[in-house]
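Novice: Protein chains in written order, with my numbering: chain F, 98 to 178; chain X, 243 to 384.
All residues carry an ideal CB built from backbone N, CA and C; glycine is no exception.
Since this is a predicted model, take the numbers as computed values, not measurements.
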Amino acid sequence: MKVKVKFFAILRERAGAAEAAKEIREGSTVGELWELLQRDYPQLAPVRMRLLYAVNQDYVNADYALKEGDEVVFVPPVSGG
Amino acid sequence: MFRVTRNAIDLQELVAFVTDPEAGAIVTFIGTTRNNNEGRKVIALDYEAYPEMAEKELKRLGEEAGKRWRIRRMAIVHRIGPVQITEPSVIIAVSAAHRADAFEACRFAIEEIKKSVPIWKKEVFEGGEVWIGTQSGQPLNR
């Protein structure tokens, strides 16, 4: 199945891309997707920071099971204000 | 009104939005770009957002504030893109029958924005730039 990934801020710069479409096996979790992306984008791997996960604009846990067409965002530490 | 915008924020628009005949107080907070941070000379801040989710999270925290305090109306507008020294990056306006609720809810809103709303600031300073908030910490699931 296919999911859509969006990168923001420091992760967008490290990945060198704002979006990616990723083919993953059924039932993959957000955490597993992150592992796969680190292989596609090795520059993501040295990111040592607290990441949150969002699917379809809601925060989820790393064990959240993805579905076809989900929009996934890995949220680096926010710093609005 | 919960919005992310590339344009300068209009304080009067927010005040007008929260103006309410049953309100005895309107509290506003304006976050502005400071010319220094941790010893660095700041030139500007450059904000980025996940806009759809940021607006959703702003609305969510507005609803949470409405559960915790007796407020009438709330408006939050956060600017993205470059924000120059002295310019507002975020404005919050809250109306309530009584001032204590308006002050508390406004304080809550700005603190929550800094914790959970997907907006990031890059500090552009003399000699470099840095994404604020990413310098330290451990990878951890929420």
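I need the boundaries of the alpha helix (DSSP H) containing X/Phe259, first residue and last residue.
Specialist: 253-260
Novice: Is it buried or exposed, X/Leu382, if we count other Cβ atoms within 10 angstroms and call 16 or more buried?
Specialist: Because X/Leu382 carries a pLDDT of 34, less than 50, the predicted location of this residue cannot be relied on, and no value is offered for it.
Novice: Apart from the five residues just before and just after X/Asn278, which ones in its own chain have a Cβ nearer than 8 Å to its Cβ?
Specialist: Val284
Novice: For a cutoff of 9 Å on Cβ pairs, would you count X/Pro360 as touching chain F?
Specialist: By the rule that beta-carbons nearer than 9 Å mark a contact, X/Pro360 touches chain F.
Novice: Report the residue from X/Phe367, X/Thr270, X/Val372 whose alpha carbon sits nearest the alpha carbon of X/Arg341.
Specialist: Nearest to X/Arg341 by C-alpha distance, out of X/Phe367, X/Thr270, X/Val372, is X/Thr270.
Novice: Report yes if the CB atom of X/Val325 is closer than 9 Å to the CB atom of X/Ala291, and no otherwise.
Specialist: no
Novice: Name the DSSP beta bridge partners of X/Glu340, please?
Specialist: Rather than Glu, the amino acid found at residue 340 of chain X in this sequence is His. DSSP output for X/His340 lists no bridge partner at all.
Novice: Taking 9 Å as the threshold (beta carbon to beta carbon), is F/Gln154 in contact with chain X?
Specialist: yes
Novice: Below 8 Å on the Cβ atoms is my contact criterion, and I expect F/Arg54 with F/Pro174 to pass it. Report the Cβ-Cβ distance as a whole number of Å.
Specialist: A question about residue 54 of chain F goes unanswered here, because the residues of chain F that appear run from 98 up to 178.
Novice: List, in order along the chain, the chain F residues whose C-beta lies closer than 9 Å to that of X/Gly273?
Specialist: Gly177, Gly178
Novice: In whole angstroms, what is the alpha-carbon distance linking X/Lys363 and X/Gly370?
Specialist: 14 Å
Novice: So what does DSSP say about F/Lys164, is it helix, strand or coil?
Specialist: coil
Novice: Measuring CB to CB, does X/Ala265 end up less than 9 Å from X/Ala347?
Specialist: no
Novice: Buried or exposed, going by whether 16 or more other CB atoms sit within 10 Å of the CB of X/Thr376?
Specialist: buried
Novice: Is the beta carbon of X/Leu256 less than 9 Å from the beta carbon of X/Ala335?
Specialist: yes
Novice: Given X/Ser378, which residues of its chain have a CB within under 6 Å of its CB, disregarding the five upstream and five downstream residues?
Specialist: Low per-residue confidence applies at X/Ser378: pLDDT is 41, beneath 50, and the placement is therefore not dependable, though the value from the model is reported in the following sentence. The answer is none, since no qualifying residue turns up.
Novice: Using DSSP bridges, identify the partner residues of X/Asp288.
Specialist: X/Pro324, X/Lys364
Novice: Starting from X/Lys298, find everything on chain F with Cβ-Cβ shorter than 9 Å and list it in chain order.
Specialist: Gln154, Asp155
Novice: Under a Cβ-count criterion, where at least 16 other Cβ atoms within 10 Å of its own Cβ denotes burial, should F/Arg122 be classed as buried or exposed?
Specialist: Counting Cβ neighbours within 10 Å, F/Arg122 comes out exposed, since fewer than 16 surround it.
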